[in-house]
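Top line first, the protein sequences correspond to chains A and B.
The first sequence: position 73 = 78 (the working numbering), numbered continuously.
The second sequence: position 58 = 63 (the working numbering), numbered continuously.
Glycine included, each C-beta is placed from N, C-alpha and C at the ideal position.
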Amino acid sequence: DAMVIQNPRYQVTQFGKPVTLSCSQTLNHNVMYWYQQKSSQAPKLLFHYYDKDFNNEADTPDNFQSRRPNTSFCFLDIRSPGLGDAAMYLCATSRDTAPGTETQYFGPGTRLLVL
Amino acid sequence: KNQVEQSPQSLIILEGKNCTLQCNYTVSPFSNLRWYKQDTGRGPVSLTIMTFSENTKSNGRYTATLDADTKQSSLHITASQLSDSASYICVVSLSGSARQLTFGSGTQLTVLP
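See the structure below:
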């Protein structure tokens, strides 16, 4: 049973052309995260939502935005993709943030290619 | 600075052999440590999670150990299979905060027939 779903699995966009990546979850978790993972590197947290509260990481570029219209869905918008934004984008969820509830479940990722 | 270091960076073994991956961390205050398996082109999948008081935890052929005093963890894989080929990532969590995860850069394991 799919729990964290990401669409599309592969996305090709042009330099400067806005793109949106989608994540949905069937776990009814409170927290949803977006990570950027470049080749052979650890995932880097971009931001997360606790319910409707948005929490941006200090070093996340303004080019990256997110929306969470409801509990199940969360979107990553890249307003003007650059070549350096080509990466795997991982969505994750956790039930909560308190100890014992904070295990993150990852989606399969969306690989973004910028031409 | 909170850091998680993994070794080796890459490892090649023959099918059926055992191997051990290492993780050293400086994260403080420590909450828990997880090992994830990430297949190429896929999201990470949790293998084990250990809190401060746990020394060892098994999940099938995977056994993780934790020494909170020396801040070291290991992941032992027994009787490796071709499907074990993946990146294994050690992730350490700061106490009480899900967002404060520190990821290691992973060990790339290749199992050859």
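For A/Phe111, the neighbours in chain B by C-beta distance under 9 Å run, in chain order, Tyr41, Gln43, Arg47, Gly48, Pro49, Val50, Ser51. Among the residues of chain A, none has a CB under 8 Å from the CB of B/Ile17; the nearest is roughly 16 Å distant. B/Thr53 places its beta carbon less than 8 Å from that of B/Ala69. Under the 8 Å criterion on CB atoms, A/Leu81 is classed as non-interfacial with respect to chain B. Where B/Asp72 is concerned, the enclosing beta strand (DSSP E) starts and stops at 67-72. Within the same chain, Thr98, Ser99, Arg100 come within 7 Å of A/His34 by CB-CB distance, once the 5 residues on both sides are set aside. The C-beta distance from B/Gln14 to B/Tyr30 rounds to 16 Å, too long to meet the 8 Å contact threshold. Boundaries of the beta strand (DSSP E) around A/Gln16: 15-18. Under DSSP, A/His34 forms no beta bridge with any residue. Comparing alpha carbon positions, the residue from B/Ser36, B/Ser33, B/Ser98, B/Thr112 closest to B/Ser79 is B/Thr112.
Residue state for A/Leu88 is assigned as helix, using DSSP reduced to three classes.
Partner residues in the beta bridge of A/Met93, as assigned by DSSP, are A/Gln42, A/Arg116. DSSP lists A/Phe52 as the bridge partner or partners of A/Asn61. Interface annotation, B/Ser90: not in contact with chain A, CB-CB separation never under 8 Å. Beta-bridge analysis with DSSP links A/Gln70 to A/Asp82. The alpha-carbon separation between A/Ala91 and A/Leu120 amounts to approximately 9 Å.
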